[in-house]
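In terms of UniProt numbering, the sequence shown opens at residue 1 and continues consecutively.
The structure under discussion appears below in the form of structure tokens.
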Amino acid sequence: MPIYENPIDFLNAIRIDSGLNSLALNQKLSDSSLNHAKYLYENNSKSHYETENNRYFTGISPKDRAFYVGYNTQITENISINSINSMDSIDGLLSAIYHRFNFLDPTINEIGYGFFGNDKNQNYVYNMGNSNLNEFCQRGISDKGYGKFYSGYCKEKDIAILESNLDRFKNLNFFDYVVYPNSDKTKSFFSNEDPNPFPECKITSNPVSIEFNKQGSLVTMVDFKIFKNGERLLNTKQLTSLNDVNSILNKYQFALFSKDVFDFNQEYLVEFDYIQKQKQKTITWKFKTKTPQNKYFVANNKDKLSLSPNIWYDIFLKPENCNDVFNSYQASYKLMKKPDIKTLDTNMLRVKLNGLKNSKLTLKFDNNKEIYLILSKSSESLKIYENKFIYIIFVAILITIFYIIKRR
């Protein structure tokens, strides 16, 4: 993956790959984002809404906080809690279907971001807006003329905008549809979106989605399919505006979840069949899942994993079903220094061991699974103790034998 200087460059690369415009950085939106990131951390909150009298309160809703810093029109907001870094935060939000559609919104053209937290984890907030609407609202004067008017878009609620101007301000992209994922950098799984689009499951595949241009004709979905190595994935759920439990998706947005997580480093084919203007059509595209950052294992219950010393490994505990996740674990170990263990994501840990050859770390998870991590060789700094350790064991065995014989 290319190295990006900031998360907006990363997001813009994804938008451009998806056929959308890039987003300009807006300082006021960054200010409102940082304000809310501080609020989330200091008040241990995960919500888009703030409570008055709490520390760092700047407005109840995202638009209130944008108005507070001098932005003049409504915004959308994405939040990522306890992320390792900015790229990880965007990657996670793109796997969350509602937040994905916010990031890939064709009617936005500017963004701000802020983050706040500690040395281990940060809370990231992204605020998105439309500069055309912001400038119109800043004028403080309603449109004149004939036609349909809309109000409620500006900080001053009574300012009215002509429908033709509103469409012109929002019409930033010329496209028939946007599909995602659409590259070889796709995360394999999804979990923990709030609100939850798939409440019957705790972990699924990264959802596949398509959004059609609202300026075009309405679409009727016929079927939505994913294929791996030519075989259709059957354990799936289609999500549309008709069955969205949170009533967030619009009539132009469609998503498909596999209840089985995607494999790492695997290519998938997507097929969307639909009817538009009384004609049946099909859209197909491919994407490929990425691998974890470090050497990695996909572990099952009772697996014994062989690790080299002083190297970071990423370990994904493969779920047996879409509710098979762990929330905590217990670690026990012998003949090694205290292991370095970090929680990366749902069912995913990062581990580094330092000890003698064949020393073992046992991880017991609260979903009734356990795995064993065994050093394939001794750490360089501990090799000097290998022979001494063997000698001590040998002497201990001899002493034990001696006392047994003596008792006889």
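All C-beta atoms in this analysis are idealised placements derived from N, C-alpha and C, irrespective of residue type, glycine included.
Within 8 angstroms, strictly: CB atoms of residue i and residue j
i           : j    : result
F287        : P181 : yes
A96         : E193 : yes
F297        : L305 : yes
residue 412 : T73  : A query on residue 412 cannot be resolved here, the shown segment of the chain reaching from 1 to 408 and no further.
N130        : Y71  : no
F116        : L34  : yes
D366        : F326 : yes
L361        : L382 : no
S89         : Y39  : no
F103        : N78  : yes
N347        : L375 : no
R65         : S32  : yes
L20         : V178 : yes
N310        : N354 : yes
A331        : K318 : no
F224        : Q238 : yes
I203        : V261 : yes
F101        : Q276 : no
S205        : F169 : no
Helix, strand or coil at residue i according to DSSP, with G and I counted as helix
i    : result
G230 : coil
Q122 : strand
K259 : coil
I75  : coil
N82  : strand
N12  : helix
Y391 : Unreliable placement is indicated for Y391, whose pLDDT of 46 sits below 50; no coordinate value is reported for it.
Q238 : strand
L20  : coil
L172 : coil
L218 : coil
S247 : coil
K277 : coil
K360 : strand
I334 : The question names Ile, yet the displayed sequence has Lys at residue 334. DSSP places K334 in strand when its eight states are reduced to three.
I97  : helix
P7   : helix
S379 : coil
D31  : helix
D88  : helix
Through-space distance from residue j to residue i, alpha-carbon basis
i           : j    : result
Y391        : P207 : Any reading at Y391 must be qualified, since the residue scores a pLDDT of 46, below 50, and its modelled position is unreliable; the value itself is stated next. When rounded, the distance between both Cα atoms is 56 angstroms.
residue 410 : S308 : Lying outside 1 to 408, the shown extent of the chain, residue 410 is not represented and no answer is given.
K352        : N118 : 22 angstroms
Y53         : E163 : Per the sequence shown, the amino acid found at residue 53 is Asn instead of Tyr. The straight-line gap from Cα to Cα measures roughly 39 angstroms.
C137        : Y150 : 12 angstroms
L172        : P195 : 28 angstroms
S30         : E50  : 17 angstroms
N121        : N82  : 5 angstroms
Y56         : I210 : 38 angstroms
S45         : N246 : 21 angstroms
Y98         : P197 : 8 angstroms
F394        : K337 : In this predicted model, F394 has a pLDDT of only 49, less than 50, meaning its place in the structure is not dependable; the value taken from the coordinates is given anyway. Distance between the alpha carbons of F394 and K337 is about 23 angstroms.
R15         : Q266 : 22 angstroms
P339        : Y113 : 35 angstroms
D176        : F212 : 6 angstroms
I60         : S47  : 10 angstroms
E110        : L25  : 6 angstroms
E5          : K279 : 45 angstroms
E370        : K281 : 48 angstroms
P292        : G92  : 13 angstroms
L249        : W285 : 22 angstroms
D9          : T107 : 18 angstroms
S80         : M87  : 11 angstroms
G152        : G216 : 25 angstroms
In DSSP terms, what residue i is bridged to
i           : result
residue 434 : Only positions 1 to 408 of the chain appear in the structure, and residue 434 is not among them; the question remains open.
I283        : F272
K46         : Partner(s): none; K46 has no beta bridge.
I341        : V351
F297        : I315
F67         : F67 pairs with nothing; no bridge assigned.
K369        : F365
Y329        : F365
T58         : Paired residue(s): none; T58 is not in a bridge.
F224        : F272
S306        : I374
L25         : I111
K288        : E267
F189        : S205
Just to confirm the assignment: which complete beta strand (DSSP E) runs, minimum length 3, are found wholly within the region 99-169? 110-117, 122-129, 149-151, 160-162
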